[in-house]
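Using this note's numbering, read the sequence shown as starting at 86 and increasing by one per residue.
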Amino acid sequence: MHLASLYRFPLKSAVGERLPSLQLDGLGVVGDRRWMLVDADNGRFITQRAFPRMSQLQARWSPSGGLTLAAPAMPTLEVALPAPDQALRGVIIWRDSMRVPDAGDEAAAWLSAFMGKACRLVHVPAERARFIDGNVTGEERVGFADGFPLLLIGQASLDDLIARVGRPLEMLRFRPNLVVQGSAPYAEDEWKRIRIGAVEFSVAKGCSRCILITIDPRTGERSADREPLTTLRTYRQREGEVFFGQNLINHGSGELREGMQVEVLE
(Lines of atoms letter the chains of each structure in order from A; the text may use other names.)
(Lines give C-alpha, C1' and ligand atoms only; values in the text may rest on other atoms or scores of the structure.)
Protein backbone atom coordinates (compact mmCIF):
# COMPACT_ATOMS: atom_id res chain seq x y z
CA MET A 86 0.00 0.00 0.00
CA HIS A 87 1.15 3.53 -0.67
CA LEU A 88 0.06 7.17 -0.49
CA ALA A 89 -1.75 7.93 -3.73
CA SER A 90 -2.49 11.62 -3.02
CA LEU A 91 -2.11 14.26 -0.33
CA TYR A 92 -4.36 17.24 0.40
CA ARG A 93 -4.24 20.36 2.54
CA PHE A 94 -7.16 22.64 3.45
CA PRO A 95 -5.66 25.91 4.75
CA LEU A 96 -9.05 27.55 5.44
CA LYS A 97 -11.66 25.33 7.05
CA SER A 98 -14.41 24.41 4.55
CA ALA A 99 -12.79 26.27 1.63
CA VAL A 100 -11.16 24.72 -1.47
CA GLY A 101 -8.41 22.19 -0.80
CA GLU A 102 -5.07 21.87 -2.55
CA ARG A 103 -3.41 18.66 -3.71
CA LEU A 104 0.32 18.60 -3.01
CA PRO A 105 3.16 16.17 -3.83
CA SER A 106 4.39 16.33 -0.22
CA LEU A 107 3.26 17.56 3.19
CA GLN A 108 4.99 18.41 6.45
CA LEU A 109 3.54 17.27 9.77
CA ASP A 110 3.74 19.06 13.11
CA GLY A 111 1.97 18.80 16.46
CA LEU A 112 -1.40 19.78 14.93
CA GLY A 113 -1.30 17.49 11.89
CA VAL A 114 -0.51 18.82 8.42
CA VAL A 115 1.41 22.10 8.52
CA GLY A 116 -0.94 24.81 7.26
CA ASP A 117 -4.05 22.61 7.35
CA ARG A 118 -7.22 24.13 8.82
CA ARG A 119 -5.30 26.72 10.81
CA TRP A 120 -7.70 29.41 9.49
CA MET A 121 -11.47 29.65 9.88
CA LEU A 122 -14.41 31.93 9.09
CA VAL A 123 -16.70 32.94 11.95
CA ASP A 124 -19.93 34.88 12.23
CA ALA A 125 -19.03 38.50 13.01
CA ASP A 126 -21.90 38.77 15.49
CA ASN A 127 -21.51 35.66 17.62
CA GLY A 128 -18.14 34.12 16.71
CA ARG A 129 -19.64 30.78 15.66
CA PHE A 130 -17.73 28.92 12.94
CA ILE A 131 -18.98 28.99 9.35
CA THR A 132 -18.76 26.05 6.92
CA GLN A 133 -20.17 24.73 3.65
CA ARG A 134 -22.87 22.93 5.61
CA ALA A 135 -24.80 26.19 5.76
CA PHE A 136 -22.90 28.16 3.09
CA PRO A 137 -22.12 26.00 0.02
CA ARG A 138 -20.61 29.13 -1.57
CA MET A 139 -17.46 28.37 0.41
CA SER A 140 -16.76 25.55 -2.05
CA GLN A 141 -15.73 28.30 -4.50
CA LEU A 142 -13.44 30.09 -2.05
CA GLN A 143 -9.73 29.43 -2.57
CA ALA A 144 -7.24 29.96 0.26
CA ARG A 145 -3.63 29.08 -0.46
CA TRP A 146 -1.26 28.76 2.48
CA SER A 147 2.08 30.56 2.28
CA PRO A 148 5.33 29.51 4.02
CA SER A 149 5.01 32.59 6.23
CA GLY A 150 1.76 31.16 7.59
CA GLY A 151 -0.45 33.70 5.80
CA LEU A 152 -3.11 33.12 3.15
CA THR A 153 -3.77 34.13 -0.43
CA LEU A 154 -7.53 34.44 -0.95
CA ALA A 155 -9.21 34.17 -4.35
CA ALA A 156 -12.81 33.71 -5.48
CA PRO A 157 -14.99 34.30 -8.57
CA ALA A 158 -15.39 38.03 -9.38
CA MET A 159 -13.12 38.97 -6.45
CA PRO A 160 -9.61 40.48 -6.50
CA THR A 161 -6.84 38.36 -4.99
CA LEU A 162 -6.02 39.29 -1.41
CA GLU A 163 -2.87 38.55 0.59
CA VAL A 164 -3.55 38.04 4.29
CA ALA A 165 -0.67 38.28 6.75
CA LEU A 166 -0.32 35.94 9.72
CA PRO A 167 -1.56 37.79 12.83
CA ALA A 168 0.51 37.85 16.01
CA PRO A 169 -0.53 35.02 18.35
CA ASP A 170 -1.56 37.27 21.24
CA GLN A 171 -3.01 40.29 19.43
CA ALA A 172 -6.57 41.13 18.36
CA LEU A 173 -7.94 38.06 20.12
CA ARG A 174 -11.53 37.15 19.27
CA GLY A 175 -13.82 34.72 21.04
CA VAL A 176 -14.96 31.96 18.68
CA ILE A 177 -17.02 28.79 18.95
CA ILE A 178 -16.34 25.58 17.05
CA TRP A 179 -18.71 22.74 17.92
CA ARG A 180 -18.60 22.55 21.74
CA ASP A 181 -15.30 24.40 22.11
CA SER A 182 -14.91 28.07 22.93
CA MET A 183 -11.56 29.66 22.07
CA ARG A 184 -9.80 33.01 21.92
CA VAL A 185 -7.72 33.29 18.78
CA PRO A 186 -6.14 36.08 16.68
CA ASP A 187 -8.30 37.98 14.19
CA ALA A 188 -6.81 38.67 10.74
CA GLY A 189 -8.08 42.24 10.53
CA ASP A 190 -10.68 44.41 8.84
CA GLU A 191 -9.43 44.14 5.23
CA ALA A 192 -9.74 40.35 5.19
CA ALA A 193 -13.10 40.57 6.97
CA ALA A 194 -14.47 43.05 4.41
CA TRP A 195 -13.25 40.93 1.48
CA LEU A 196 -14.77 37.73 2.86
CA SER A 197 -18.01 39.41 3.94
CA ALA A 198 -18.45 40.75 0.41
CA PHE A 199 -17.95 37.31 -1.10
CA MET A 200 -20.06 35.45 1.43
CA GLY A 201 -22.88 38.00 1.56
CA LYS A 202 -22.67 37.80 5.34
CA ALA A 203 -20.69 39.69 7.97
CA CYS A 204 -17.83 37.43 8.98
CA ARG A 205 -14.32 37.50 10.40
CA LEU A 206 -11.22 35.50 9.54
CA VAL A 207 -9.33 33.96 12.47
CA HIS A 208 -6.15 31.94 12.89
CA VAL A 209 -5.18 29.32 15.48
CA PRO A 210 -1.55 29.37 16.67
CA ALA A 211 -0.25 26.11 18.12
CA GLU A 212 -0.33 27.38 21.69
CA ARG A 213 -4.07 28.16 21.41
CA ALA A 214 -5.14 24.90 19.76
CA ARG A 215 -7.90 22.69 21.18
CA PHE A 216 -7.37 19.43 23.02
CA ILE A 217 -8.58 16.35 21.15
CA ASP A 218 -11.52 14.59 22.81
CA GLY A 219 -10.23 11.69 24.90
CA ASN A 220 -6.57 12.71 24.59
CA VAL A 221 -4.46 10.42 26.74
CA THR A 222 -1.16 12.27 27.00
CA GLY A 223 -2.47 15.78 27.59
CA GLU A 224 -0.58 16.88 24.49
CA GLU A 225 -2.88 15.76 21.67
CA ARG A 226 -4.23 18.92 20.08
CA VAL A 227 -6.09 19.96 16.94
CA GLY A 228 -6.54 23.28 15.15
CA PHE A 229 -9.84 24.06 13.40
CA ALA A 230 -10.44 20.56 11.97
CA ASP A 231 -13.72 19.12 13.24
CA GLY A 232 -12.20 16.73 15.76
CA PHE A 233 -8.87 15.19 14.76
CA PRO A 234 -5.70 16.36 12.99
CA LEU A 235 -5.89 14.15 9.88
CA LEU A 236 -8.34 12.18 7.75
CA LEU A 237 -7.45 9.07 5.71
CA ILE A 238 -9.53 7.39 3.00
CA GLY A 239 -8.70 4.30 0.95
CA GLN A 240 -9.06 4.81 -2.80
CA ALA A 241 -10.73 1.40 -3.02
CA SER A 242 -13.39 2.59 -0.57
CA LEU A 243 -14.28 5.49 -2.84
CA ASP A 244 -14.22 3.23 -5.89
CA ASP A 245 -16.70 0.90 -4.18
CA LEU A 246 -18.96 3.82 -3.28
CA ILE A 247 -18.84 5.13 -6.87
CA ALA A 248 -19.93 1.72 -8.16
CA ARG A 249 -22.86 1.69 -5.75
CA VAL A 250 -23.97 5.26 -6.55
CA GLY A 251 -23.52 4.76 -10.27
CA ARG A 252 -21.82 8.05 -11.13
CA PRO A 253 -18.41 9.67 -10.63
CA LEU A 254 -17.56 11.21 -7.27
CA GLU A 255 -14.57 13.42 -6.55
CA MET A 256 -12.32 12.49 -3.64
CA LEU A 257 -12.18 16.18 -2.70
CA ARG A 258 -15.83 16.21 -1.57
CA PHE A 259 -14.74 13.98 1.34
CA ARG A 260 -11.85 16.30 2.24
CA PRO A 261 -9.15 13.77 3.21
CA ASN A 262 -5.52 14.60 3.91
CA LEU A 263 -4.23 11.15 2.97
CA VAL A 264 -5.49 8.80 0.25
CA VAL A 265 -4.14 5.23 0.33
CA GLN A 266 -3.89 3.02 -2.75
CA GLY A 267 -3.57 -0.75 -2.65
CA SER A 268 -5.87 -1.68 0.24
CA ALA A 269 -9.20 -3.48 0.06
CA PRO A 270 -12.40 -1.39 0.28
CA TYR A 271 -12.88 -0.14 3.86
CA ALA A 272 -9.76 -1.96 5.09
CA GLU A 273 -8.92 1.23 6.98
CA ASP A 274 -11.87 0.51 9.30
CA GLU A 275 -9.83 -2.24 10.95
CA TRP A 276 -6.52 -0.43 11.36
CA LYS A 277 -5.43 0.78 14.79
CA ARG A 278 -1.86 1.99 14.13
CA ILE A 279 -0.02 2.69 10.90
CA ARG A 280 3.41 4.00 9.92
CA ILE A 281 4.32 6.12 6.93
CA GLY A 282 7.99 6.96 6.60
CA ALA A 283 9.29 7.86 10.05
CA VAL A 284 5.89 8.85 11.47
CA GLU A 285 3.45 6.64 13.35
CA PHE A 286 -0.27 7.36 13.47
CA SER A 287 -3.10 6.22 15.70
CA VAL A 288 -6.36 5.48 13.91
CA ALA A 289 -8.68 7.31 16.31
CA LYS A 290 -12.21 6.73 15.00
CA GLY A 291 -14.36 6.63 11.91
CA CYS A 292 -15.31 9.93 10.30
CA SER A 293 -19.05 10.60 10.61
CA ARG A 294 -20.53 12.26 7.53
CA CYS A 295 -23.08 15.02 6.99
CA ILE A 296 -24.75 17.03 4.24
CA LEU A 297 -21.39 18.54 3.19
CA ILE A 298 -20.49 15.49 1.07
CA THR A 299 -23.56 16.12 -1.13
CA ILE A 300 -22.02 19.41 -2.34
CA ASP A 301 -20.21 19.24 -5.69
CA PRO A 302 -16.78 20.78 -5.00
CA ARG A 303 -16.59 22.08 -8.59
CA THR A 304 -19.91 23.96 -8.64
CA GLY A 305 -21.00 24.36 -5.02
CA GLU A 306 -24.38 22.81 -5.83
CA ARG A 307 -26.04 20.19 -3.64
CA SER A 308 -27.17 16.97 -5.29
CA ALA A 309 -30.96 16.79 -5.48
CA ASP A 310 -30.92 13.10 -4.53
CA ARG A 311 -28.60 13.74 -1.56
CA GLU A 312 -25.97 11.41 -2.97
CA PRO A 313 -23.62 9.97 -1.90
CA LEU A 314 -25.07 10.32 1.61
CA THR A 315 -28.21 8.42 0.58
CA THR A 316 -26.23 5.38 -0.58
CA LEU A 317 -23.82 5.47 2.35
CA ARG A 318 -26.79 5.25 4.72
CA THR A 319 -27.73 1.87 3.23
CA TYR A 320 -24.52 0.15 4.32
CA ARG A 321 -22.28 2.51 6.35
CA GLN A 322 -24.66 3.65 9.08
CA ARG A 323 -24.51 2.69 12.72
CA GLU A 324 -26.11 4.26 15.79
CA GLY A 325 -27.67 6.93 13.59
CA GLU A 326 -24.38 8.13 12.04
CA VAL A 327 -22.86 7.50 8.61
CA PHE A 328 -19.12 6.75 8.47
CA PHE A 329 -16.63 7.06 5.63
CA GLY A 330 -12.88 7.41 6.20
CA GLN A 331 -10.79 7.29 9.36
CA ASN A 332 -9.52 10.06 11.62
CA LEU A 333 -5.83 9.93 12.51
CA ILE A 334 -3.53 11.36 15.16
CA ASN A 335 0.12 11.71 14.16
CA HIS A 336 2.78 10.99 16.76
CA GLY A 337 5.70 13.17 15.81
CA SER A 338 6.62 15.37 12.89
CA GLY A 339 8.08 14.59 9.49
CA GLU A 340 7.45 14.66 5.76
CA LEU A 341 4.91 12.68 3.76
CA ARG A 342 5.28 12.25 -0.01
CA GLU A 343 3.09 10.71 -2.67
CA GLY A 344 4.18 7.14 -3.29
CA MET A 345 5.41 6.46 0.26
CA GLN A 346 4.66 3.01 1.67
CA VAL A 347 1.87 2.66 4.23
CA GLU A 348 2.54 -0.02 6.85
CA VAL A 349 -0.18 -1.36 9.14
CA LEU A 350 1.31 -1.96 12.60
CA GLU A 351 -1.86 -3.05 14.36
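C-beta: ideal position from N, C-alpha, C; glycine also.
Bridge-paired residues (DSSP) for residue i
{"i": "V250", "result": "Bridge partners of V250: none, in fact."}
{"i": "A144", "result": "L154"}
{"i": "R215", "result": "V227"}
{"i": "N332", "result": "L236, K290"}
{"i": "E348", "result": "R280"}
{"i": "I177", "result": "R129, S182"}
{"i": "D187", "result": "V207"}
Collapsed DSSP secondary structure at residue i in the structure displayed
{"i": "L109", "result": "strand"}
{"i": "P234", "result": "coil"}
{"i": "L206", "result": "strand"}
{"i": "S197", "result": "helix"}
{"i": "S182", "result": "strand"}
{"i": "S287", "result": "strand"}
{"i": "M256", "result": "helix"}
{"i": "A192", "result": "helix"}
{"i": "I300", "result": "strand"}
{"i": "M139", "result": "helix"}
{"i": "L60", "result": "Residue coverage of the chain in this structure runs from 86 to 351, which leaves residue 60 outside it and unanswerable."}
{"i": "A89", "result": "strand"}
{"i": "E343", "result": "coil"}
{"i": "D245", "result": "helix"}
{"i": "E163", "result": "strand"}
{"i": "E306", "result": "coil"}
{"i": "D117", "result": "coil"}
{"i": "D124", "result": "strand"}
{"i": "E324", "result": "coil"}
Cβ-Cβ distance between residue i and residue j below 9 angstroms
{"i": "P234", "j": "G113", "result": "yes"}
{"i": "L297", "j": "V264", "result": "no"}
{"i": "N332", "j": "R93", "result": "no"}
{"i": "A155", "j": "T161", "result": "yes"}
{"i": "D126", "j": "A230", "result": "no"}
{"i": "N335", "j": "L109", "result": "yes"}
{"i": "S338", "j": "G111", "result": "yes"}
{"i": "R252", "j": "E312", "result": "yes"}
{"i": "R145", "j": "P95", "result": "yes"}
{"i": "I217", "j": "G232", "result": "yes"}
{"i": "T304", "j": "L314", "result": "no"}
{"i": "A214", "j": "V227", "result": "yes"}
For residue i, the nearest candidate out of the options (CA to CA)
{"i": "F328", "options": "P302, C295, E306", "result": "C295"}
{"i": "G128", "options": "P148, D181, G101", "result": "D181"}
{"i": "A283", "options": "L341, M256, D231", "result": "L341"}
{"i": "K97", "options": "L91, S140, R174", "result": "S140"}
{"i": "V347", "options": "T316, G330, R278", "result": "R278"}
{"i": "V115", "options": "L88, Q133, S149", "result": "S149"}
{"i": "P270", "options": "L243, R258, R138", "result": "L243"}
{"i": "R103", "options": "H87, L257, G111, E326", "result": "L257"}
{"i": "V207", "options": "A158, G151, S106", "result": "G151"}
{"i": "A193", "options": "R213, I177, V164, E212", "result": "V164"}
{"i": "E255", "options": "D301, D190, A214", "result": "D301"}
{"i": "S308", "options": "V227, P137, E343", "result": "P137"}
{"i": "F130", "options": "T153, L173, I178", "result": "I178"}
{"i": "P105", "options": "P95, S90, Q322", "result": "S90"}
{"i": "Q171", "options": "P157, G189, E351", "result": "G189"}
{"i": "E273", "options": "V349, R145, R311, D218", "result": "V349"}
{"i": "M159", "options": "A135, R145, L173, F199", "result": "F199"}
{"i": "L88", "options": "S293, D310, G239", "result": "G239"}
{"i": "I281", "options": "R145, G344, L246", "result": "G344"}
{"i": "E275", "options": "R205, F286, E351", "result": "E351"}
{"i": "Y320", "options": "V250, E285, L107, S268", "result": "V250"}
{"i": "D245", "options": "E326, T316, L173", "result": "T316"}
{"i": "G330", "options": "W195, R213, A241", "result": "A241"}
{"i": "K290", "options": "S268, E326, M86, G267", "result": "E326"}
{"i": "L196", "options": "P157, E324, G101", "result": "P157"}
Taking contact to mean at least 3 C-beta pairs separated by less than 8 angstroms, is the region 176 to 191 in contact with the region 117 to 134? yes
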